[in-house]
DNA sequence: CCGTTTTCTCCCAAAATTTCCCAAATTTTC
DNA sequence: GAAAATTTGGGAAATTTTGGGAGAAAACGG
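Protein chains in written order, with the numbering used here: chain B, 1050 to 1195; chain W, 1050 to 1195.
So, in structure tokens, the structure goes:
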């Protein structure tokens, strides 16, 4: 399962090295093909290709009626690209995404169960860390078992 | 499967180069004949010819019950043309479509399972990227491994 | 805490892909 | 049938992608 985060850097040609534990998990469970995309352009979604295909099927089945879902498909198609993890466990991030999500300097790569999310570290912190969660926010959490 | 996008340019004589991964997939699965058309004139639909023929059959069936579809058939017939992918993996976009869909400067070519959609990049972004998806929009996504 | 091993980053060069350009061939127009 | 316009073909430059070496940094083991 993909959990936790790592700091990574992007090289001169637009690739990132996927940390060993993430890449091992992905390759052994799903193979080395990825679908790299974004929904809002501010972060990069890195899916194992089979996971994405599965997800896509679900979305498309409901997309018939909702224009919003069609827009979602347009956008994830626009940002998207099939890529593979190379021998050194690197992946190329396509240039539209590099620009849009400001991929330069320090980046944060976060595991999200079956896929990864990549952020410009500064951007991520501005959105999530600077204004910490309030008691109110936390009140929306479901009850844990007790 | 045709997924993801690529930026392409149109040459002086109205052709685009279909990126290697797309063209390889198309040719090996469907051969090198295409049907190039449009439904609304603002983008260009690029179908492998066998895929289009199949689709057409379905639409014609439904047109018996829904005469509105006749208009769809008229339009896609009007814009349409059979073309083939040349040795250098280029295709000519007929001039009605070049004008109508403003094919000049940077273009975006987006994979959609079994066909491609070509847009003027600016136009596409105005329609899809300028106003990004909101939290509310995303809440319409089906739940799943996300 | 120090040396060893593994992982990651940085860099360069080779390979592949895409774009640009020109000219020949074909089709259309008058 | 000649001129104009469009389509087709291919060489070569420009750009992007790929591959791998070597140093730097981090993790590991004792």
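Glycine is no exception: its CB is placed at the ideal position from the N, C-alpha and C atoms.
In this text, all values refer to a predicted model and were calculated from it rather than measured experimentally.
Secondary structure at residue 1099(W), three-state DSSP: helix, strand or coil? Of the three classes helix, strand and coil, the one that applies to residue 1099(W) here is helix, per DSSP.
Check whether the region 1174 to 1187 of chain B touches the region 1133 to 1141 of chain W, counting contact only when three or more Cβ pairs, one atom from each stretch, lie closer than 8 Å. Judged by Cβ distances under 8 Å, the region 1174 to 1187 of chain B makes no contact with the region 1133 to 1141 of chain W, as fewer than three pairs qualify.
Could you tell me whether the region 1080 to 1100 of chain B touches the region 1159 to 1169 of chain B, where touching means 3 or more Cβ pairs closer than 8 Å? Touching, yes, given that three or more Cβ pairs across the two stretches are closer than 8 Å.
Exposure label - residue 1110(B); buried when at least 16 CB within 10 Å: With fewer than 16 other CB atoms across the displayed protein chains lying within 10 angstroms of its CB, residue 1110(B) is exposed.
At a Cβ threshold of 8 Å, is residue 1195(W) touching chain B? For residue 1195(W), the pLDDT reaches just 45, beneath the cut-off of 50, and the residue's location in the model is therefore unreliable, although a value from the coordinates is still provided. Cβ-Cβ to chain B under 8 Å: yes for residue 1195(W).
Between residue 1089(B) and chain W, is there a C-beta pair that is closer than 8 Å? Yes, because at least one Cβ of chain W sits closer than 8 Å to the Cβ of residue 1089(B).
Of all the options 1096(B), 1058(B), 1053(B), which has the alpha carbon lying nearest to the alpha carbon of residue 1133(B)? When only C-alpha atoms are compared, the closest one is 1096(B).
Does DSSP put residue 1054(B) in a helix, a strand or coil? DSSP, reduced to helix, strand and coil, places residue 1054(B) within a strand of the structure shown.
Return the chain-ordered ranges of every alpha helix (DSSP H) run that is complete within the region 1115 to 1187 of chain W and spans a minimum of 4 residues. At a cut-off of 4 residues, the continuous stretches assigned as alpha helix (DSSP H) that sit fully inside the region 1115 to 1187 of chain W are 1118 to 1128, 1144 to 1149, 1170 to 1177, 1184 to 1187.
Per DSSP, which residues does residue 1064(B) bridge with? Please list them. Beta-bridge pairing links residue 1064(B) to 1141(B).
Contact between the region 1055 to 1064 of chain B and the region 1075 to 1085 of chain B is defined here as three or more beta-carbon pairs at a separation below 8 Å; is this criterion met? Not touching, per the Cβ criterion.
Give the residues of chain B in contact with residue 1154(W), contact being defined as C-beta atoms less than 9 Å apart. Neighbours of residue 1154(W) on chain B: none; closest Cβ ~15 Å, over 9 Å.
Below 8 Å on the Cβ atoms is my guess for residue 1157(W) versus residue 1087(W); work out the distance and round it to an integer in Å. Not confirmed; about 15 Å, so no contact.
Drop a sphere of 10 angstroms on the beta-carbon of residue 1194(W), count the other beta-carbons inside from all chains shown, and report buried for 16 or more, exposed for fewer. Model confidence at residue 1194(W) stands at a pLDDT of 46, short of 50, so the residue's coordinates are unreliable; what they give is reported in the following sentence. Exposure of residue 1194(W) is indicated by the presence of fewer than 16 other C-beta atoms within 10 angstroms of its C-beta.
DSSP on residue 1190(B), reduced to helix/strand/coil? DSSP places residue 1190(B) outside both helix and strand once states are collapsed to three, so it counts as coil.
Taking the alpha carbon of residue 1072(W) as the reference point, which residue from 1114(W), 1123(W), 1160(W) has its own alpha carbon closest? Each of 1114(W), 1123(W), 1160(W) was checked against the Cα of residue 1072(W), and the nearest Cα belongs to 1160(W).
Members of the region 1167 to 1195 of chain B near chain W, C-beta cut-off 8 Å: Contacts with chain W (Cβ-Cβ distance below 8 Å) from the region 1167 to 1195 of chain B involve no residue at all.
Would you say residue 1100(W) reaches chain B, if we count a Cβ-Cβ gap shorter than 8 Å as a contact? Residue 1100(W) does not count as touching chain B.
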